[in-house]
Amino acid sequence: MVDEGKLQCYHKGCGLMFDPTENNSEACTYHPGAPYFHDAYKIWTCCDKKSTDFGTWMGYKGCTRGKHKIRPEKEEDVIVWKGLNKSGKSEKNDSSERVEVTLNVEVTPGATAAIERKLKEVAEAAQSEDVQIGAPCRNNGCTAEYDGTKSSHGCVHHPGAAIFHEGMKYWSCCKKKTSNFGTFLEQVGCTASEHKFRNNEVVSKFREDWFSSNGFVTINVYCRGALPETANIVSDGHTLRVTMKHGFGNADVDLDYDLWDEVLPEESRVVIGERKVEISLKQKHGTGWPRLKFDPELDAKKDEEA
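Just so you know, we're using the numbering used here here: the sequence shown kicks off at 302 and counts up by one.
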């Protein structure tokens, strides 16, 4: 029960009920800076406190003392934390009128060139079992190519696995983290051993991560050699299905998402690059997504708490 005569402070990071007659310069602890969202991180610009979890970020105590703010000057200045945002799918989940839409697919010049090079390599390799000049080393992080000599020494690579977690990319062997995929690929190896030159390699594994920003939910599927003509990426606004060949036709991607909230397929798009497929889904509502997939049991529980 709210005490009579008390008001709520609207300073970011405070939100406490206070007696206006006791509102002095030391009464409130708050964040004077603006919130900033970047690469899955939520950041207070005034003190650089950040977290990938919205609840943890909202729970960070303020870094500045002053008087409580009696009312907001602008509506957008108020941030109120009431648990996880509520999915619009909790209110209506009738699939009878939904129609699947095929998302628009774009292909980068780099991806097109890589496919053409690979087709040429496969044709040439089929004529010889020997390692050909220019065949790349398949160790992660090594950029060496076979030059015709028999020496296989001098390889510097990453023996560990690639890890993608909460917007960060790193190798499990040395754990140098970055949010930029290009920087991650360019990290110099941490272990010296022998090169592994091969003309052909079947790559069956792929990884995925996601983030939401500026009204879009972006899903990155990290796979090399995705073939545009095999891509079938469709959504009815509530679900997303992704099927395509990657590894230059040697492996399959088959993903099925029941999305956390509704998206607009007609305003969404797919970009196929040389090393990843980027799926940008236009959000129907402007709320942040706490997770990518809708969970009826978990979301029903959050609705009860709201």
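Quick reminder that beta carbons are idealized off the backbone N, C-alpha and C, glycines included.
Under the 10 Å beta carbon count, Y523 is surrounded by 16 or more other beta carbons and is classified as buried. C-alpha of G483 to C-alpha of H369: approximately 45 Å in a straight line. For W511, the uninterrupted beta strand (DSSP E) run begins and ends at R508 to S514, by DSSP. In this structure, F355 lies away from S514, with their beta-carbon atoms at least 8 Å apart. Going by C-alpha positions, V518 is about 7 Å away from K583.
Going by DSSP, F355 is part of the alpha helix (DSSP H) stretching over F355 to M359.
For the beta strand (DSSP E) assignment, the uninterrupted runs of no fewer than 3 residues enclosed by the stretch 526–591 are, from N- to C-terminal side, 533–536, 540–547, 552–559, 564–573 and 577–584. In terms of Cβ geometry, D510 and G442 do not form a close pair [threshold 8 Å]. Annotation for F485: the continuous alpha helix (DSSP H) segment containing it runs F482 to L486. The three-state secondary structure of G411, taken from DSSP, is helix. In this structure, R570 lies near L404, with their beta-carbon atoms less than 8 Å apart.
With respect to the 8 Å criterion, N440 and H454 are not classified as neighbours on the basis of their beta carbons. Judged by beta-carbon spacing, K476 lies beyond the 8 Å limit of Q488, meaning their Cβ atoms are not closer than that value. DSSP places F498 in no beta strand (DSSP E); its state is neither H nor E.
Distance check between K594 and each of A436, R525, M545 and F512 places F512 closest, using alpha-carbon atoms only. Residue burial annotation: D557 is exposed, with fewer than 16 other C-beta atoms found within 10 angstroms of its C-beta. Sorting A414, R366 and I371 by C-alpha distance to the C-alpha of S326 places R366 at the top. With a 10 Å radius around the Cβ and a threshold of 16 neighbouring Cβ atoms, V564 comes out buried.
By the criterion of a C-beta distance shorter than 7 Å, V408 is surrounded in its chain by P529 and I573, once the five residues flanking it on both sides are discounted. In this structure, the straight-line span from the alpha carbon of D349 to that of M359 is close to 13 Å. Here the C-alpha atom of A436 lies approximately 14 Å from the C-alpha atom of L420. Remark: C-beta atoms of D537 and R418 do not approach each other more closely than 8 Å. Of all alpha-carbon atoms in K470, T531, T540 and A552, the one lying nearest the alpha-carbon of V406 is that of T531. Closest option to I416, judged by alpha-carbon separation, among L541, D562, K546 and W590: K546.
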